[in-house]
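Last residue of the sequence shown? That's 505 in the working numbering, and every number before it is there in order. The C-beta atom is built at its ideal place from N, Cα and C for all residues, glycine as well. Structure, as structure tokens:
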Amino acid sequence: MPFAFTLKTNQTTVEQTSHSLLNTTHNTTVMLLKKPKILSLMLLCKRMISLRPAKPGKPPILPPAKSKRYRVVHVPWHDPEDVKEMLWRRHIYMNALKSMECLFKIVRRYYRDRLSGSILKSVDGTFLTDIENEFRQLLLKNDELNKLQQEKREKEFQAEKEKLKEEMIQLVEQHLNKNEEQHAVREKEVLEMIENSKHFLTYENLDEKIEEALESPTDFNYALDLNGKMFKGKPLEKYNKQNLLLIKPVSEETEPLIYSGNVQENLQMENVENFGENKLDAWLKLQDKAAEDGSSVKCLKELCNDVIDKMENVDSVEEFLKMEETDMDEKTKLERQQEAIRMKIDGNAAFRDGDFPGALRHYTDALKICPRSFTSIRSVLFGNRAACYMKMEKYEEAIKECNWSVECDSNYVKVLRRRASLYEMQETTLEKALDDYKRLFEIDPADSEAARSMTRLSRAIDVRNEKMKAHAFDTMKELGNVLLQPFGLSTDDFQCTKRPDGSV
Numbered sequence: 002m003p004f005a006f007t008l009k010t011n012q013t014t015v016e017q018t019s020h021s022l023l024n025t026t027h028n029t030t031v032m033l034l035k036k037p038k039i040l041s042l043m044l045l046c047k048r049m050i051s052l053r054p055a056k057p058g059k060p061p062i063l064p065p066a067k068s069k070r071y072r073v074v075h076v077p078w079h080d081p082e083d084v085k086e087m088l089w090r091r092h093i094y095m096n097a098l099k100s101m102e103c104l105f106k107i108v109r110r111y112y113r114d115r116l117s118g119s120i121l122k123s124v125d126g127t128f129l130t131d132i133e134n135e136f137r138q139l140l141l142k143n144d145e146l147n148k149l150q151q152e153k154r155e156k157e158f159q160a161e162k163e164k165l166k167e168e169m170i171q172l173v174e175q176h177l178n179k180n181e182e183q184h185a186v187r188e189k190e191v192l193e194m195i196e197n198s199k200h201f202l203t204y205e206n207l208d209e210k211i212e213e214a215l216e217s218p219t220d221f222n223y224a225l226d227l228n229g230k231m232f233k234g235k236p237l238e239k240y241n242k243q244n245l246l247l248i249k250p251v252s253e254e255t256e257p258l259i260y261s262g263n264v265q266e267n268l269q270m271e272n273v274e275n276f277g278e279n280k281l282d283a284w285l286k287l288q289d290k291a292a293e294d295g296s297s298v299k300c301l302k303e304l305c306n307d308v309i310d311k312m313e314n315v316d317s318v319e320e321f322l323k324m325e326e327t328d329m330d331e332k333t334k335l336e337r338q339q340e341a342i343r344m345k346i347d348g349n350a351a352f353r354d355g356d357f358p359g360a361l362r363h364y365t366d367a368l369k370i371c372p373r374s375f376t377s378i379r380s381v382l383f384g385n386r387a388a389c390y391m392k393m394e395k396y397e398e399a400i401k402e403c404n405w406s407v408e409c410d411s412n413y414v415k416v417l418r419r420r421a422s423l424y425e426m427q428e429t430t431l432e433k434a435l436d437d438y439k440r441l442f443e444i445d446p447a448d449s450e451a452a453r454s455m456t457r458l459s460r461a462i463d464v465r466n467e468k469m470k471a472h473a474f475d476t477m478k479e480l481g482n483v484l485l486q487p488f489g490l491s492t493d494d495f496q497c498t499k500r501p502d503g504s505v
């Protein structure tokens, strides 16, 4: 409800209604007054006077609370252009209100004078006509301003539309240029593949390429296979013409056995137990036992499954799984993953029961069937194999398993800590243990155990180095005594003194 109050200051009375007080908010200027001298007074009144009645036992005027005294008012951000537009609209609105207020005052005064009889009827018609004409002029002025504002908005809209159109054109051009570059790269790759395909091995030119390679042997310093392993020196003699000629679909000796389905019974598996040591020979023997039709392929797959059970070298198992996984669909991979997890659970149960060899067998079987793409599971399996070897006190094998686990997952904290403890058992590998603890600290800077181990190993390495220096000095001293003994001298007869520059 509106209210009125009166303040007396310097014998001046200021009357203001509640509407003028409530026109403003706490984020803007309190009010626009025609008398700036009393602005501070009006601000004080706005803060002191409340619409609510005072609480019992409280004065009607309260100072601001301590909790709000130094509070910073965060004004929400607004676009400067929008603020400018809103201020201009407020200005127009306030002017319109003032004009209407003046008009209503004149009309009210007119009707008051007319009722009192102080205005003649002749003057009455002229006055109303003037008011009507003035009102029409205001309407025309308003229409003109609205038209100008509409034109301004249309221009801004057209400018934004043109800007958006230019941006779309630029995006389309960038997309087209990117597609052209990709097409050019693909075209180049296809042309290179076509050019390289001229040198591919096929059934038609296989014999020719083998003869050509045998007629022009080449010595080499080193060579790399597909896995990145390096072979140094000259080619081995066992990879000769006789072995290379074994690469054929089927041999005349084993063809009757393959078609009869008795290959597994007639093949002596002890000849290929060393598959891990000599992979090429084993594959050549398997190729020699393969047949041309589908039954021979199935027979070859069964032979490969038997051979992989005989493998002991991890390198060979990994290479074999990699070759086998290339032709494996996703469903088969998931089935093998689930089977590997089941074998891992069986291995964990055996490990808890203290059957470490049995747990090792379960983990090994799981690794044989788990695809290489599931690196996290394979890393855990290698780490579990390392734990089995540690319980069996086979520390070298445990370190190898830890290396394979870290190769699958370089951030496996549990295996890194296990390998660091294994390296720490020998003085010659303290630096490797320190590197593992540094890696653990990089993964988790809050690992206090790794930080303490780094400090302890640094001191141990320094002590070891000092011992080695002292031992080397004693050894050299003994050797010097042996050499000087025929001359009746010893190293004690000589004294080393430092020069002023610090040299001996």
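Sequence-distant residues of the same chain with beta carbon closer than 6 Å to residue i, five excluded per side
i: Glu188; result: none
i: Ala133; result: Inspection of the sequence shows that residue 133 is occupied by Glu rather than by Ala. Excluding sequence neighbours, Glu133 sits near nothing in its chain.
i: Leu281; result: Because Leu281 carries a pLDDT of 46, less than 50, the predicted location of this residue cannot be relied on, and the following value inherits that uncertainty. Cβ neighbours of Leu281 beyond the five flanking positions: none.
i: Leu139; result: none
Same chain only: Cβ atoms within 8 Å of residue i, ignoring 5 sequence neighbours per side
i: Ala55; result: Pro61
i: Thr365; result: Arg386
i: Cys103; result: none
i: Lys69; result: none
Delimiting residues of the alpha helix (DSSP H) encompassing residue i
i: Arg53; result: Where Arg53 is concerned, there is no enclosing alpha helix (DSSP H), given that its DSSP letter is neither H nor E.
i: Pro358; result: 357–370
i: His92; result: 81–117
i: Tyr424; result: 414–424
i: Thr333; result: 331–353
i: Trp405; result: 396–409
i: Tyr438; result: 431–444
i: Ala387; result: 376–392
i: Leu202; result: Unbroken run through Leu202: none, as it is neither H nor E.
Contacting residues, own chain, Cβ-Cβ under 7 Å from residue i (five flanking each side not counted)
i: Leu438; result: As written in the sequence, residue 438 is Tyr, which differs from the Leu given in the question. Cβ neighbours of Tyr438 beyond the five flanking positions: Ala421, Ala451, Ser454, Met455, Leu458.
i: Phe442; result: Asp448, Ala451, Ala452, Met455
i: Leu207; result: none
i: Ala461; result: Leu431
i: Asn180; result: none
i: Gln171; result: none
Beta carbon of residue i nearer than 8 Å to that of residue j
i: Arg440; j: Gly384; result: no
i: Glu428; j: Ala434; result: no
i: Ile444; j: Val414; result: yes
i: Phe352; j: Cys389; result: yes
i: Leu417; j: Val407; result: yes
i: Ser371; j: Arg343; result: The amino acid occupying residue 371 in the given sequence is Cys; Ser does not appear at that position. Taking 8 Å as the Cβ cut-off, Cys371 and Arg343 do not qualify as a contacting pair.
i: Lys392; j: Phe357; result: yes
i: Val367; j: Lys345; result: The question names Val, but residue 367 in the sequence shown is Ala. Cβ atoms of Ala367 and Lys345: closer than 8 Å.
Length of the line joining the Cα atoms of residue i and residue j
i: Asn28; j: Val74; result: Reliability of the predicted coordinates at Asn28 is poor, the pLDDT of 36 falling under 50, and the value obtained from them is presented with this limitation in mind. Using only the alpha carbons, I get a separation of about 8 Å.
i: Arg91; j: Leu165; result: 31 Å
i: Asn349; j: Leu382; result: 10 Å
i: Gln183; j: Leu177; result: 10 Å
i: Glu86; j: Asn143; result: 17 Å
i: Gln151; j: Arg137; result: 21 Å
i: Leu335; j: Phe201; result: 34 Å
i: Leu98; j: Phe105; result: 10 Å
i: Glu479; j: Asp436; result: 36 Å
i: Glu161; j: Val84; result: 19 Å
i: Tyr94; j: Lys148; result: 17 Å
i: Asp131; j: Ile107; result: 12 Å
i: Glu168; j: Ser380; result: 50 Å
i: Ala360; j: Ile195; result: 51 Å
i: Ser198; j: Ser411; result: 38 Å
i: Val186; j: Lys369; result: 40 Å
i: Ala471; j: Glu397; result: 29 Å
i: Gly58; j: Lys67; result: 20 Å
i: Arg53; j: Pro77; result: 29 Å
i: Ser469; j: Lys395; result: Per the sequence shown, residue 469 should be read as Met rather than Ser. Distance between the alpha carbons of Met469 and Lys395 is about 27 Å.
i: Thr127; j: Tyr111; result: 12 Å
i: Asn404; j: His363; result: 20 Å
i: Thr13; j: Leu141; result: Confidence is the limiting factor: at Thr13 the pLDDT is only 34, short of 50, which leaves the residue's position unreliable, though a coordinate-based value still follows. Taking the straight line from one Cα to the other gives about 42 Å.
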